[in-house]
Amino acid sequence: MSAQPGDPRYRPLSFGVTRVVVREDNGHTYARADQALGDHAVRITDRLTHWATVAPDRPFLARRMQNADGSRGDWRVVTYGEALSAARSIGQALLDAGASVDRPLAILSENSIEHALLGLGAMYVGVPYCPVSTPYSLVSQDFEKLRHVLGTITPGVVYAADLGRYGRAIDATVAADVPVICDDPAAGTRKAGPVVALADWLATTPTAAVDAAHATVGPDTIAKFLFTSGSTKLPKGVINTQRMLCANQQQMRQSMPVLTDADNPPVLLDWLPWNHTFGGNHNFGMVLYNGGTLYIDDGKPTPALMHETLRNLREVAPTLYFNVPNGFELIAHAMHSDDQLRRTLLSRVRMFFYAGAALAQPIWDSLYASAEKEVGERIVMTTSMGMTESAPFAIFVTSPHIRAGELGLPTPGMEIKLSPNSGKLELRYKGPNITPGYWRNPDATREAFDDEGFFCSGDAVQWSHPDDLHRGIRFDGRIAEDFKLATGTFVSVGPLRGKIIAAGAPYVQDAVITGHGEHEVGAMLIPIIPAVRKLSGLQDSAPMTEVLAAKPVLDHFQEVINRLAASATGSANRVARLCLLADPPSLDKGEVTDKGSINQHAVLTHRAAVVAALHADTLPHVLTPTS
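Under my numbering, the first residue of the sequence shown is numbered 3, with each subsequent residue one higher.
See the structure below:
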């Protein structure tokens, strides 16, 4: 879609895929990009070797050092040359420890330089590794999911960033014959089993065995295991092969030509956790593959940690910036009054990117307004669709002129299939970036693919503009999210969420639909906090419970539910009651997916008491239509 007279001015950004080839067969629609996938590396560590050879002193990884009081100080930087040297030493140590595909490396750690080097070292010698979600160790009380993950992969070595913090989880789940590697063995104790300092591994001298092992790594070699969120069942171990990782990076380069600018390699500041495919494959891999620099952000889009992200963004000027919708919401609000943040963040960023989630249009508009004020042009907001099983990049937008919910077209080398399912079109994938299956779970693997070998995503989509398929598809919810009322009436969650978000603008980030087995549809709204605070008229220090109970807020949302009721056509799309959530969705509890979207099932599960009270009319400040 080309720019039209009167369109806003955007910072230049080209799009690699703008046309699609479509065919119909037996009720299914198949679509692929009109270009083939280009050549790519055989193994992802080939790119580490390349950059360590041609630019050994280029910064690769950086993270602020931790001060004695727990605060973050200056940046510690690791170059490509240093990273390759460390990876080879770690690779030798893993071989010495007998690590293998059946006895891989498990990593219990937040994002860190050490975490990255261990993963690179493992992949260099063909040993898979598994970055495990930190809440499984640090939040869980029974360690059920951690025990399941480790029981599935049977690690031969476990790395724990901090033996003091992870010690209880290790004692509960790690066999005594499995060595534990940690940064500081003196920081904690282990009841039984060896503990080794990571420094000893880094001091290991590589032998010819490292080069021999590296030479055997091929496209089908397993690079890592990434586990699904496990919101409805125990997590499944998604096999990530070298082919998946390398093909996906080439797909990204063709869909996002900005990555091919050799004079401006990507600079990222990123917090997204590496146990999730978007942080660990998409963003980390993008930097490694294209010779960029990754600044590890110890902030998060939460009230307690967002200040760290904003501090970093005042200092580090990214060329590309990724975040979840809540993160962009907080950044958009901060840019209104933070001159240094605007100057630094907008100085050279080529595009913003959020993944598959509902980013409220008012947030887009606020970011656009700040950019136009600061640099005289908008920064293109992009998005895509993908999942852990697609490595994850699968679909990308085709133009800057998109609206919330639009996803774009399949990346080169991938074919998508739109298949009728429960009254919707399910998105299915086939391509070199698609997982061969789930580790040691043949039943789940079999169930995940259809009879043509397409992976069944469970995501529903529609064509954004049925009269012009080249403009791509749009998200239409999760098929599994839909439910029936007690009357048997089917509720389509995706379209209803979109309707509620639009009606609640500019104060609603997302909505969780309730009513399964009830007689009426309900909604729990996730507010855009800065906007709702302003609407309330209360001081910024006021607790969110007071903000959401303020008369201007309740009056506004009474109008919202009245408008929604007036436009409803039946019980399936009539919101009969709603409430506002004071506590934002939790990343640690899986309420926010690795795509940055709201996991409806997880929110409903963790907030079952709120749902019950909403429908029992015992929750404070429940709003119902008055007309």
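Glycine included, each C-beta is placed from N, C-alpha and C at the ideal position.
Per DSSP, the continuous alpha helix (DSSP H) segment holding Pro137 begins and ends at 137-140. DSSP places Val605 in the helix class (H, G or I) of the three-state scheme.
Around the Cβ of Arg405, a 10 Å sphere holds fewer than 16 other Cβ atoms; the residue is exposed.
Gln252 is the residue among Gln252, Val212, Pro545 whose C-alpha sits nearest the C-alpha of Phe395.
Per the coordinates, the alpha-carbon of Pro414 lies some 12 angstroms from the alpha-carbon of Phe17. Taking a C-beta distance under 8 angstroms as the contact criterion, Glu417 and Arg21 do not qualify as a contact pair. Here DSSP, grouped into helix, strand and coil, assigns Asn435 to coil.
The C-beta of Val141 has fewer than 16 other C-beta atoms within 10 Å across all chains shown, which makes the residue exposed. If the five residues before and after Trp465 are omitted, its C-beta is found closer than 7 angstroms to the C-beta atoms of Leu471, Ile475, all from its own chain and listed in chain order. Secondary structure at Trp276: coil, using DSSP grouped into helix, strand and coil. Cβ neighbours of Ile481 within its own chain (closer than 8 angstroms, five residues either side excluded): Asn423, Ser424, Lys426, Glu428, Gly460, Asp461, Ala462. Val605 sits close to Pro587, with the two beta carbons spaced by under 8 angstroms. For the stretch 461-531, the continuous beta strand (DSSP E) assignments of 3+ residues that do not extend past its boundaries occur at 475-480, 510-516, 523-529, in sequence order. With contacts defined by Cβ atoms closer than 8 angstroms, Leu322 and Val351 form a contacting pair.
Inter-segment contact for the stretch 223-233 and the stretch 197-210 is absent: fewer than three beta-carbon pairs are separated by less than 8 angstroms. Shortest Cα-Cα distance from Val176 to any of Ile503, Asn443, Gly158 involves Gly158. In the three-state scheme derived from DSSP, where H, G and I count as helix and E and B as strand, Trp441 is classed as coil. In the DSSP assignment, Arg65 forms a beta bridge with Arg78, Ile298. Distance from the CA atom of Ile224 to the CA atom of Pro106, rounded to whole angstroms, is 10 angstroms. Taken through DSSP and simplified to helix, strand or coil, Glu391 comes out as helix. With respect to Val19, Phe398 sits close: the two C-beta atoms are nearer than 8 angstroms.
Closest option to Arg313, judged by alpha-carbon separation, among Gly294, Phe324, Asp340, His52: Asp340. With distances taken between CA atoms, Ile183 lies nearest to Val160 out of Asp173, Ala174, Val160, Tyr168. Per DSSP, the unbroken alpha helix (DSSP H) holding Gly169 starts and ends at 165-175. The C-alpha of Ser111 lies about 45 angstroms from the C-alpha of Ala488. Taking 8 angstroms as the cut-off, the Cβ atoms of Gly524 and His617 count as close. In the three-state DSSP reduction, Met416 falls in the coil class, being neither helix nor strand.
The C-beta of Pro305 has fewer than 16 other C-beta atoms within 10 Å across all chains shown, which makes the residue exposed.
Secondary structure at Val326: coil, using DSSP grouped into helix, strand and coil. Note that the stretch 575-583 touches the stretch 548-562; at least 3 beta-carbon pairs, one per stretch, sit closer than 8 angstroms. The Cβ neighbour count for Asn69, taken over all protein chains shown within 10 Å, is under 16; the residue is labelled exposed. By the C-beta criterion, the stretch 432-440 is judged not to be in contact with the stretch 496-512, since fewer than 3 inter-stretch pairs fall below 8 angstroms. Taking a contact to require three or more Cβ pairs closer than 8 angstroms, the stretch 233-252 and the stretch 266-278 do not qualify as touching. DSSP places Lys235 in the coil class of the three-state scheme, outside both helix and strand.
Within the stretch 202-249, the complete beta strand (DSSP E) segments at least 3 residues long are 224-229, 239-243, listed from N- to C-terminus. Between Leu556 and Leu625, the C-beta gap is smaller than 8 angstroms, which places the two residues in contact.
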